[in-house]
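Enquirer: Protein chains in written order, with my numbering: chain A, 3 to 120; chain B, 10 to 126.
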Amino acid sequence: AQTVTQSQPEMSVQEAETVTLSCTYDTSESDYYLFWYKQPPSRQMILVIRQEAYKQQNATENRFSVNFQKAAKSFSLKISDSQLGDAAMYFCAYRSRDSGGGADGLTFGKGTHLIIQP
Amino acid sequence: DTGVSQDPRHKITKRGQNVTFRCDPISEHNRLYWYRQTLGQGPEFLTYFQNEAQLEKSRLLSDRFSAERPKGSFSTLEIQRTEQGDSAMYLCASSLGRTGGYQETQYFGPGTRLLVL
Numbered sequence: 003a004q005t006v007t008q009s010q011p012e013m014s015v016q017e018a019e020t021v022t023l024s025c026t027y028d029t030s031e032s033d034y035y036l037f038w039y040k041q042p043p044s045r046q047m048i049l050v051i052r053q054e055a056y057k058q059q060n061a062t063e064n065r066f067s068v069n070f071q072k073a074a075k076s077f078s079l080k081i082s083d084s085q086l087g088d089a090a091m092y093f094c095a096y097r098s099r100d101s102g103g104g105a106d107g108l109t110f111g112k113g114t115h116l117i118i119q120p
Numbered sequence: 010d011t012g013v014s015q016d017p018r019h020k021i022t023k024r025g026q027n028v029t030f031r032c033d034p035i036s037e038h039n040r041l042y043w044y045r046q047t048l049g050q051g052p053e054f055l056t057y058f059q060n061e062a063q064l065e066k067s068r069l070l071s072d073r074f075s076a077e078r079p080k081g082s083f084s085t086l087e088i089q090r091t092e093q094g095d096s097a098m099y100l101c102a103s104s105l106g107r108t109g110g111y112q113e114t115q116y117f118g119p120g121t122r123l124l125v126l
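#1: Do residue 8 of chain A and residue 112 of chain A have their C-beta atoms closer together than 7 Å?
#2: Skipping 5 residues on each side, what residues in its chain have a beta carbon closer than 6 Å to that of residue 76 of chain A?
#3: List the residues of chain A whose Cβ lies closer than 8 Å to the Cβ of residue 120 of chain B, in chain order.
#4: In chain order, what residues of the same chain have a beta carbon less than 7 Å from the beta carbon of residue 18 of chain A, not counting five sequence neighbours either side?
#5: In the segment 49-63 of chain B, which residues sit with their C-beta less than 9 Å from some C-beta in chain A, listed in chain order?
#6: Since residue 93 of chain A and residue 41 of chain A should fall inside the 8 Å C-beta cutoff, what is the C-beta to C-beta distance between them, to a whole number of angstroms?
#7: In terms of residue numbering, what span does the beta strand (DSSP E) encompassing residue 45 of chain A cover?
#8: So, under 8 Å CB-CB, residue 118 of chain B and residue 100 of chain B are touching, yes? Tell me the CB distance rounded to an integer number of Å.
#9: Consider the Cβ of residue 74 of chain B: report whether some Cβ of chain E lies at a distance smaller than 7 Å.
#10: So residue 112 of chain A contacts chain B; which residues on that side make the cut at Cβ distance below 9 Å?
#11: Measuring straight from C-alpha to C-alpha, what distance separates residue 118 of chain A and residue 89 of chain A?
#12: Who are the near neighbours of residue 6 of chain A in its chain, counting only those whose CB is closer than 7 Å to its CB and skipping five residues on each side?
#13: Rounded to a whole number of angstroms, what is the C-alpha to C-alpha distance between residue 59 of chain A and residue 56 of chain B?
#14: With a 10 Å radius around its C-beta and 16 neighbouring C-beta atoms as the bar for buried, classify residue 56 of chain A as buried or exposed.
#15: Measure the CB-CB distance between residue 93 of chain B and residue 125 of chain B and report whether it falls below 7 Å.
#16: Could you round the C-beta distance between residue 97 of chain B and residue 42 of chain B to whole angstroms and report it? I think they count as a contact, below 8 Å.
#17: With a threshold of 8 Å on Cβ separation, who are the neighbours of residue 27 of chain B within its own chain once the five nearest residues in sequence on each side are excluded?
#18: Can you find the residues in the same chain that come closer than 7 Å, C-beta to C-beta, to residue 23 of chain B, ignoring five residues on each side of it along the sequence?
#19: Can you tell me whether DSSP reads residue 93 of chain B as helix, strand or coil?
#20: Identify the contact partners of residue 93 of chain A in chain B, using a Cβ-Cβ distance below 9 Å as the criterion.
#21: Spatial neighbours of residue 104 of chain A within its chain, please: CB distance less than 8 Å, with the 5 preceding and 5 following residues excluded, ordered by chain position.
#22: If you count every other CB in all the chains shown that lies within 10 Å of the CB of residue 25 of chain B, and 16 or more means buried, which is it?
#23: When the cut-off is 7 Å and only beta carbons count, does residue 42 of chain B lie next to chain A?
#24: For residue 36 of chain A versus residue 10 of chain A, is the C-beta distance shorter than 7 Å?
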């Protein structure tokens with residue numbers, strides 16, 4: 003079974019600064035997907051960024067980028083120019099590549115609570 | 010595109026009662042997932058549908074839990090004889106599954122928060 007570990011229960015960053023959230027995972031598979039989801043207080047979870055394991059290039063979405071190290075099984079999220087609206091729980095998630103015969107759900111880490119200080 | 014919706018948003022029940030939650034996925038999505046999220050934890054996968062077929066169940070889904078998606082559109086999750094340990098946020102997500110293994114993004118609903126007294 004796959005596991006996802008987020009070792010930082012809470013992170014704090016000054017507004018406009020850069021912060022990196024860590025995620026490691028354990029799998030024996032070679033093809034899979036990794037995701038970062040954001041869950042603001044009392045609001046629904048939304049996708050921040052995704053990465054396909056077969057792609058060597060790190061994914062980017064505006065101020066959000068990842069550092070995907072497949073050999074190290076590491077998938078960190080960098081948030082540049084932090085804004086107050088970035089304050090939320092951030093979850094790293096893993097999913098096997100769909101073999102067509104069935105599909106597992108996402109496996110999530112425990113989350114990192116990101117605090118943005120004005 | 011109205012997003013994934015869930016009803017009710019909050020439910021308080023007494024131990025031993027049955028509860029049912031509903032999820033309406035994004036209209037063109039053929040895959041629907043249920044997750045449970047307890048306080049301070051990430052969501053945990055419960056079960057998954059492709060159209061009306063329930064293809065996978067987690068070991069977390071005890072006999073007291075049952076899920077249906079009768080017409081391949083909305084889904085219901087029923088918990089019978091609720092226990093205090095069932096108190097959690099129940100999340101629904103949907104995606105558009107395609108052949109060839111490509112994994113579409115799962116879009117989440119706002120969740121149903123259950124409190125069992």
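Yeah, the Cβ is synthetic: ideal placement off N, Cα and C, and Gly gets one too.
Expert: With the structure as the only source:
#1: Contact: yes.
#2: 26.
#3: In chain order: 46.
#4: Hits under 7 Å: 83, 84.
#5: Residues 49, 50, 51, 52, 53, 54, 55, 56, 57, 59.
#6: In this structure, residue 93 of chain A and residue 41 of chain A form a Cβ contact; the two beta carbons are roughly 7 Å apart against a cut-off of 8 Å.
#7: From DSSP, residue 45 of chain A is part of no beta strand (DSSP E); its letter is neither H nor E.
#8: So it is a contact: roughly 6 Å between Cβ atoms.
#9: Of the protein chains in this structure, namely A and B, none is chain E.
#10: In chain order: 49, 50, 51.
#11: Here the alpha carbons of residue 89 of chain A and residue 118 of chain A stand approximately 6 Å from one another.
#12: Taking residue 6 of chain A as the centre and dropping the five residues before and after it, the same chain places the C-beta of 25, 27, 94, 95, 96, 109, 110, 111 closer than 7 Å to its C-beta, in chain order.
#13: Going by C-alpha positions, residue 59 of chain A is about 32 Å away from residue 56 of chain B.
#14: Answer is exposed; the Cβ neighbour count stays below 16.
#15: Yes.
#16: Contact flag wrong, Cβ pair sits at about 15 Å.
#17: If we look at residue 27 of chain B and ignore the five residues flanking it on each side, its Cβ neighbours are 87, 88, 89, 90, 91.
#18: In chain order, 126 place their CB closer than 7 Å to the CB of residue 23 of chain B, counting only its own chain and leaving out the 5 sequence neighbours on each side.
#19: Look at residue 93 of chain B here: in three-state DSSP terms it is helix.
#20: Residues of chain B passing the Cβ test: 51, 52.
#21: Confidence at residue 104 of chain A is low in this model, with a pLDDT of 47, below 50, so its placement is unreliable and the value that follows should be read with caution. Excluding sequence neighbours, residue 104 of chain A sits near nothing in its chain.
#22: Exposed, by the Cβ-count rule.
#23: Proximity of residue 42 of chain B to chain A, defined by a Cβ-Cβ separation below 7 Å, is satisfied.
#24: No.
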